[in-house]
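J.: Just dropping this structure here.
Protein chains: 2
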Amino acid sequence: MAITIYDVAREANVSMATVSRVVNGNQNVKPVTRKKVLDCIERLGYRPNAVARGLASKKTTTIGVIVPDISKSFYAELSRGIADIATMYEYNIILSNSDERTAREVELIEDHLGKQVDGLIFMSDSISEEVRAEMATATVPIVLAGTLDEQNKLASVNIDYEQAAFDAVNKLIGNGHNEIIFLSGSFRSDINRLCKKQGYIRALQGAGITVNENLIIEIDDTYDSAYEAWKQIKNLAENPTGILTANDVLAVGVLNGIRDDGLSVPTDYEIICFEHSFLARIVRPQLTSVAVPLYDLGAVAMRLLTKLMNGEEVDEEQVILPFRFEERNSLK
Amino acid sequence: MAITIYDVAREANVSMATVSRVVNGNQNVKPVTRKKVLDCIERLGYRPNAVARGLASKKTTTIGVIVPDISKSFYAELSRGIADIATMYEYNIILSNSDERTAREVELIEDHLGKQVDGLIFMSDSISEEVRAEMATATVPIVLAGTLDEQNKLASVNIDYEQAAFDAVNKLIGNGHNEIIFLSGSFRSDINRLCKKQGYIRALQGAGITVNENLIIEIDDTYDSAYEAWKQIKNLAENPTGILTANDVLAVGVLNGIRDDGLSVPTDYEIICFEHSFLARIVRPQLTSVAVPLYDLGAVAMRLLTKLMNGEEVDEEQVILPFRFEERNSLK
DNA sequence: GCAACGTCGTAAATCGTTATCGCCATTTTG
DNA sequence: CAAAATGGCGATAACGATTTACGACGTTGC
Numbered sequence: 001m002a003i004t005i006y007d008v009a010r011e012a013n014v015s016m017a018t019v020s021r022v023v024n025g026n027q028n029v030k031p032v033t034r035k036k037v038l039d040c041i042e043r044l045g046y047r048p049n050a051v052a053r054g055l056a057s058k059k060t061t062t063i064g065v066i067v068p069d070i071s072k073s074f075y076a077e078l079s080r081g082i083a084d085i086a087t088m089y090e091y092n093i094i095l096s097n098s099d100e101r102t103a104r105e106v107e108l109i110e111d112h113l114g115k116q117v118d119g120l121i122f123m124s125d126s127i128s129e130e131v132r133a134e135m136a137t138a139t140v141p142i143v144l145a146g147t148l149d150e151q152n153k154l155a156s157v158n159i160d161y162e163q164a165a166f167d168a169v170n171k172l173i174g175n176g177h178n179e180i181i182f183l184s185g186s187f188r189s190d191i192n193r194l195c196k197k198q199g200y201i202r203a204l205q206g207a208g209i210t211v212n213e214n215l216i217i218e219i220d221d222t223y224d225s226a227y228e229a230w231k232q233i234k235n236l237a238e239n240p241t242g243i244l245t246a247n248d249v250l251a252v253g254v255l256n257g258i259r260d261d262g263l264s265v266p267t268d269y270e271i272i273c274f275e276h277s278f279l280a281r282i283v284r285p286q287l288t289s290v291a292v293p294l295y296d297l298g299a300v301a302m303r304l305l306t307k308l309m310n311g312e313e314v315d316e317e318q319v320i321l322p323f324r325f326e327e328r329n330s331l332k
Numbered sequence: 001m002a003i004t005i006y007d008v009a010r011e012a013n014v015s016m017a018t019v020s021r022v023v024n025g026n027q028n029v030k031p032v033t034r035k036k037v038l039d040c041i042e043r044l045g046y047r048p049n050a051v052a053r054g055l056a057s058k059k060t061t062t063i064g065v066i067v068p069d070i071s072k073s074f075y076a077e078l079s080r081g082i083a084d085i086a087t088m089y090e091y092n093i094i095l096s097n098s099d100e101r102t103a104r105e106v107e108l109i110e111d112h113l114g115k116q117v118d119g120l121i122f123m124s125d126s127i128s129e130e131v132r133a134e135m136a137t138a139t140v141p142i143v144l145a146g147t148l149d150e151q152n153k154l155a156s157v158n159i160d161y162e163q164a165a166f167d168a169v170n171k172l173i174g175n176g177h178n179e180i181i182f183l184s185g186s187f188r189s190d191i192n193r194l195c196k197k198q199g200y201i202r203a204l205q206g207a208g209i210t211v212n213e214n215l216i217i218e219i220d221d222t223y224d225s226a227y228e229a230w231k232q233i234k235n236l237a238e239n240p241t242g243i244l245t246a247n248d249v250l251a252v253g254v255l256n257g258i259r260d261d262g263l264s265v266p267t268d269y270e271i272i273c274f275e276h277s278f279l280a281r282i283v284r285p286q287l288t289s290v291a292v293p294l295y296d297l298g299a300v301a302m303r304l305l306t307k308l309m310n311g312e313e314v315d316e317e318q319v320i321l322p323f324r325f326e327e328r329n330s331l332k
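Protein sequence lines correspond, in order, to chains A and B.
First residue of the first sequence? That's 1 in the UniProt record's numbering, and the numbers climb one at a time after it.
First residue of the second sequence? That's 1 in the UniProt record's numbering, and the numbers climb one at a time after it.
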């Protein structure tokens, strides 16, 4: 049988109310008494039961984090940002993987709410109607991190992916390319379809270049698919020489394809991509890329969540963080 | 005010005990009654309160996972293995980062136990005495994943790193090298110091090669340090031509150093490393490596934990998983 | 010497479940 | 046909804290 607050009270010759006061940092306790109680806690090895506390106080100091796949560096990085701020505010994290399956996402939200989390951070390629409905039943705040809400209703933290793509493509155009590939992971991802692709199109149109659907290539979001995609690209009737990819894994895929064929970047092709992870630095040439501040996205999302959980006023629930370009060598 | 079991009971004209039976799948309920209750649950949108349930049943169906840094692919991969098996057995995961700081590790164990987790999976470079003492206060099972217990007392899941290093070095020796570098992350890591290094030494001794401390290089466990280490290696009085590294990030570091100097792998140097992550496949040449089954390490650790939590008999609490070599091109 | 204040105890009500009994109505059994 | 077993369900006591209200006691200040 574990030590309870009663045991401590008896041992310290005080009431359980006083022990509770001490444990919760209530000021109405004489230093002498406080010390006596703390000693007993130490001696008995008393550990407040967070479950009982949660039931009584209706707060668990725990938040839920639902992520497509923690083994993907994108989400691992984001999660670390969340975790650090969570620690700072003394929240624990229940972490679950959804694998982007809607049914699973719904199930997980339900599950986390059942566990009485004080808040929820959600990540996904897209918010389905089912998920939206499930979220609507929640009585605790929910924040999206690195995840778009097409309807712009939910709280979220992102960068301006559209503008980033626009700027990136303009760099390619500025370097003389007018046949430019956009290699992207699935367009089921709102960010790919609604932002990166649109930014790409806007840049082309701004430069008077006609958009050619053949140059917009949608593949699985994997290295291997990108590597394969290269074979498709080199056989195109068009002669694209500039490439924008939706992330650095895809960039490395085509890059390796190009180089394994004896061609060279940035001489024969120039590449620019999203995300400047570790990967982008270790390949040769290093990749010029849009540095998406993944850690910050997570950290700011968590900070936002704390405000919402505290009922603080928040002027803007849709946060847009700045991005920057990391200039390396895949662009001249 | 949320819907409680009592509301459902009133609505369905049964007692809360019956609702509880239905929710928990107890067979002692007439099908007709069951259906009536389920309908009310659906209609009212009742969500069982896991906190109250946890208090009453003394089980939270939640386990704790303490990891040095989830943003490192090593731990992210392991965690995914844990998570999948946890899901299978309907456990949630509370995940926390320790950054390898002993004080933080102790704090986290304390914290997780306070949250009444049903079990704990712990990862670290090394088990300090403080951590060991804290673990001793736990009444729930604890399993180490990809983490050594020098005293071989705690339950754990690993591979035979010593044997793997031994085999790896023998491959280098077999290819004619007799001056072989062992490039490792910090020796505060038991696995590096007690296993990989010892396997390296045993292989050399087995081949009658004198161990030269100059060829054993301990650095920070980062790409940049490995890249820098190359400059040290090339200026060595000795003429090492074979290299074993403790993981693939370090391998890529030296590899890039070598190639940026216009030298070539495997012509001028041969490299073999631990871990065959994504990285090892995307660099050129691809890295021949010891494939450490990270996902499985996590999955098996979680499976073991479930057995321990159920009080099942376990024949061996120190599990050793097999490893294999992934033959690529950094070795001739 | 009295009022005010700080400190603490007592007691009870909650929080939303689970778990243990035991009751009542049917069946089954001898 | 009486007695025993069984199935279905209700009542109620935990579970381990928080919280509130109230009052008592001892100090302190004026």
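Backbone N, C-alpha and C fix where the C-beta goes; we use that ideal spot for every residue, glycine too.
Take every Cβ of the segment 118-125 of chain A, pair it with every Cβ of the segment 59-78 of chain A, and state whether three or more of those distances are shorter than 8 Å.
T.: At 8 Å Cβ cutoff, the stretches touch.
J.: If you measure between the beta carbons of B/Leu-108 and B/Ile-127, is that distance less than 9 Å?
T.: No, the Cβ-Cβ distance between B/Leu-108 and B/Ile-127 is not below 9 Å.
J.: Please classify B/Ile-209: does DSSP put it in a helix, a strand, or coil?
T.: Coil, per DSSP.
J.: I need the boundaries of the beta strand (DSSP E) containing A/Glu-326, first residue and last residue.
T.: Segment 324-326, the beta strand (DSSP E) holding A/Glu-326.
J.: If we define contact as Cβ-Cβ less than 9 Å, is B/Phe-187 a contact residue for chain A?
T.: For B/Phe-187, the answer is no, since every Cβ of chain A falls outside 9 Å of its Cβ.
J.: Quick one: Cα of A/Phe-274 to Cα of A/Pro-293, how far?
T.: Approximately 11 Å between the Cα atoms of the pair.
J.: Does A/Ser-73 have its Cβ less than 9 Å from a Cβ in chain B?
T.: Yes, its Cβ sits closer than 9 Å to a Cβ of chain B.
J.: Who does B/Phe-122 pair with in a DSSP beta bridge?
T.: Partner(s): B/Ile-66 and B/Leu-144.
J.: Under the three-state reduction of DSSP, which class applies to A/Glu-150: helix, strand or coil?
T.: The answer is coil: DSSP assigns A/Glu-150 none of H, G, I, E or B.
J.: A/Ser-57 by DSSP, collapsed to three states: which one?
T.: The answer is helix: DSSP assigns A/Ser-57 an H, G or I state.
J.: When we look at the beta-carbon of A/Val-8 and count the other beta-carbons within 10 Å, is it buried (16 or more) or exposed?
T.: Buried.
J.: Short of 7 Å Cβ to Cβ, which residues in the segment 214-240 of chain A face chain B?
T.: If the cut-off is 7 Å between Cβ atoms, the segment 214-240 of chain A has Tyr-223 near chain B.
J.: State yes or no: is the beta carbon of A/Thr-62 nearer than 9 Å to at least one beta carbon in chain B?
T.: Yes, because at least one Cβ of chain B sits closer than 9 Å to the Cβ of A/Thr-62.
J.: Against chain A, with Cβ distances strictly below 9 Å, would B/Thr-87 count as a contact?
T.: Closer than 9 Å to some Cβ of chain A, the Cβ of B/Thr-87 qualifies, so yes.
J.: Kindly indicate if chain B contains any beta-carbon less than 9 Å away from that of A/Lys-196.
T.: Answer no: the Cβ-Cβ gap between A/Lys-196 and chain B never drops below 9 Å.
J.: I'd like to know whether the C-beta of A/Tyr-6 is nearer than 9 Å to at least one C-beta of chain B.
T.: It does not; no Cβ of chain B falls within 9 Å.
J.: Would you say A/Val-290 and A/Arg-324 are within 9 Å of each other, going by their C-beta atoms?
T.: Against a cut-off of 9 Å, the Cβ pair of A/Arg-324 and A/Val-290 comes out as a contact.
J.: Quick one: does B/Tyr-269 have its CB under 9 Å from some CB of chain A?
T.: Closer than 9 Å: no.
J.: At which residues does the alpha helix (DSSP H) containing B/Cys-40 begin and terminate?
T.: From DSSP, the alpha helix (DSSP H) with B/Cys-40 extends over 31-44.
J.: Could you give the C-beta distance for B/Leu-297 and B/Leu-279, rounded to a whole number, given that I count them as a contact under 8 Å?
T.: Rounded, the Cβ-Cβ distance is 18 Å, inconsistent with contact.
J.: How would you label A/Gly-54, buried or exposed, when you count the other beta carbons within 10 angstroms and need 16 or more for buried?
T.: Its Cβ being crowded by 16 or more others within 10 Å, A/Gly-54 is buried.
J.: In angstroms, rounded to a whole number, what distance separates the CA positions of B/Lys-171 and A/Ile-85?
T.: When rounded, the distance between both Cα atoms is 46 Å.
J.: Compare the Cα-Cα distances from residue 334 of chain B to each of B/Ala-229, B/Phe-182 and B/Phe-187 and report the closest residue.
T.: Outside the shown range of chain B, which is 1 to 332, sits residue 334 of chain B, and nothing can be said about it.
J.: Between the segment 6-25 of chain B and the segment 164-178 of chain A, do three or more beta carbon pairs fall short of 8 Å?
T.: Touching, no.
J.: Taking a cut of 8 Å between CB atoms, which residues from the segment 77-109 of chain A lie near chain B?
T.: The residues in question are Glu-77, Ser-79, Arg-80, Ala-83, Asp-84, Thr-87, Asn-92, Ile-93, Ile-94, Leu-95, Ser-96 and Asn-97.
J.: State the Cα-Cα distance for the pair A/Asn-239 and A/Asp-220, rounded to the nearest angstrom.
T.: Roughly 23 Å separates the two Cα atoms.
J.: Contact check, A/Val-254 vs A/Ala-226 under 8 Å by CB: the rounded distance?
T.: Rounded, the Cβ-Cβ distance is 5 Å, consistent with contact.
J.: Could you tell me the boundaries of the beta strand (DSSP E) in which A/Gln-318 lies?
T.: Looking at the DSSP string, the run of the beta strand (DSSP E) that includes A/Gln-318 is 318-321.
J.: Please confirm whether B/Lys-196 and B/Ser-184 have their CB atoms less than 9 Å apart.
T.: In contact: B/Lys-196 and B/Ser-184 (Cβ atoms closer than 9 Å).
J.: Who are the near neighbours of A/Val-14 in its chain, counting only those whose CB is closer than 7 Å to its CB and skipping five residues on each side?
T.: Hits under 7 Å: Thr-33 and Val-37.
J.: Using 8 Å for Cβ pairs, my map puts A/Ile-93 next to B/Leu-305. What's the rounded Cβ distance?
T.: Not confirmed; about 19 Å, so no contact.
J.: Consult DSSP for B/Phe-278 and reduce its assignment to one of helix, strand or coil.
T.: Note: B/Phe-278 maps to helix in three-state DSSP.
J.: Can you find at least 3 beta carbon pairs, one from the segment 39-57 of chain B and one from the segment 99-118 of chain A, that sit closer than 8 Å?
T.: Verdict: yes, contact present.
J.: Could you work out which residue in A/Lys-58, A/Asn-26 and A/Glu-179 is closest to A/Met-309 when comparing CA atoms only?
T.: Per the Cα distances, A/Lys-58.
J.: Would the segment 149-156 of chain A and the segment 208-216 of chain A be scored as touching if the rule is three or more Cβ pairs under 8 Å?
T.: With the cut-off at 8 Å, the segment 149-156 of chain A and the segment 208-216 of chain A do not touch.
J.: Work out the CA separation of B/Val-106 and B/Ser-98 for me, nearest whole Å.
T.: In a straight line, the C-alpha of B/Ser-98 is about 9 Å away from that of B/Val-106.
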